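Q: In my numbering, each residue's number is its place in the sequence shown (first place is 1) plus 627.
C-beta: ideal position from N, C-alpha, C; glycine also.
For clarity, every value in this text was computed on a predicted model and none was experimentally measured.
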Amino acid sequence: MRLDSWLTENSFFASRQKAQFAIKTGHVLVNEKAVTKPSAQIQPTDEIRVTGPALRYVSQGGLKLEKAIRHFQLDFSGKRVLDAGASTGGFTDCALQHGAALVYAVDIGTDQLDKTLRENLKVHCHEKTDIRTISLELLDGEAVDIIVADLSFISLTQ
628 MRLDSWLTEN SFFASRQKAQ FAIKTGHVLV NEKAVTKPSA QIQPTDEIRV
678 TGPALRYVSQ GGLKLEKAIR HFQLDFSGKR VLDAGASTGG FTDCALQHGA
728 ALVYAVDIGT DQLDKTLREN LKVHCHEKTD IRTISLELLD GEAVDIIVAD
778 LSFISLTQ
């Protein structure tokens, strides 16, 4: 069985992505040796131990936004947020944990947003939506207070 799958199935982490992050950062030991490949195959007799702190957000994207929040002293309390390029939802999760009232998670992909965020009533998930075509109607007719974005695959010239 894959190490990341085993960690998730045995409730060490809420998602495979969180397990993968912990593995890649050297916080998972198999038979007292650090393993950094999430796809590493483990045996039922292997001893597995997690040594580091769990990831605070559904993906490490949340850590990037948290750093910006601290650096620029941003206040998300009660704010309506647009997360452009939401993917798994690291920025969305971070915004919520910093007090956002509502987050519009927009992504051109499908089935990427973490299940816990998808089920959160404060998150409006808009999949198969190109941020370049977004309208005020999609945002319930109201402007947002803060826009966060990770759009590495979108050209700014087209």
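Please name the residue, chosen from L778, L729, S779, K664, that lies closest to D767 on a Cα-to-Cα basis.
A: Comparing Cα positions, the closest option is L729.
Q: Tell me which residues share the same chain as C752 and place their Cβ nearer than 6 Å to its Cβ, disregarding the 5 neighbours each side in the sequence.
A: Result list for C752: A732, L740, R745, in chain order.
Q: Let's see if you can read the secondary structure: which residues bound the alpha helix (DSSP H) around A646?
A: Run containing A646: 643 to 651, per the alpha helix (DSSP H) assignment.
Q: Of the choices I650, L692, D720, whose alpha-carbon is the least far from that of V677?
A: The residue with the shortest Cα to Cα distance from V677 is I650.
Q: Do the CB positions of Q569 and P671 come within less than 8 Å of each other?
A: Outside the displayed span of the chain (628 to 785) sits residue 569, for which this structure offers no information.
Q: Between which two residues does the alpha helix (DSSP H) carrying H725 extend?
A: Element bounds for H725: n/a, residue is neither H nor E.
Q: Could you check how far apart the C-beta atoms of E764 and D734 are, in whole angstroms? I think they sit under 8 Å.
A: Not confirmed; about 18 Å, so no contact.
Q: At which residues does the alpha helix (DSSP H) containing L630 begin and terminate?
A: That run of the alpha helix (DSSP H) goes 630 to 636.
Q: For L701, which residues in the same chain have their Cβ closer than 6 Å to its Cβ, ignoring the five residues on either side in sequence?
A: Answer for L701: no residue qualifies.
Q: How should K645 be labelled, buried or exposed, when 16 other C-beta atoms within 10 angstroms of its C-beta is the threshold for buried?
A: Under this definition K645 is a buried residue.
Q: Tell me the DSSP secondary structure of A695 in three-state form.
A: Helix.
Q: For A732, list the residues DSSP reports as bridge partners.
A: Answer is D710, C752, bridged to A732.
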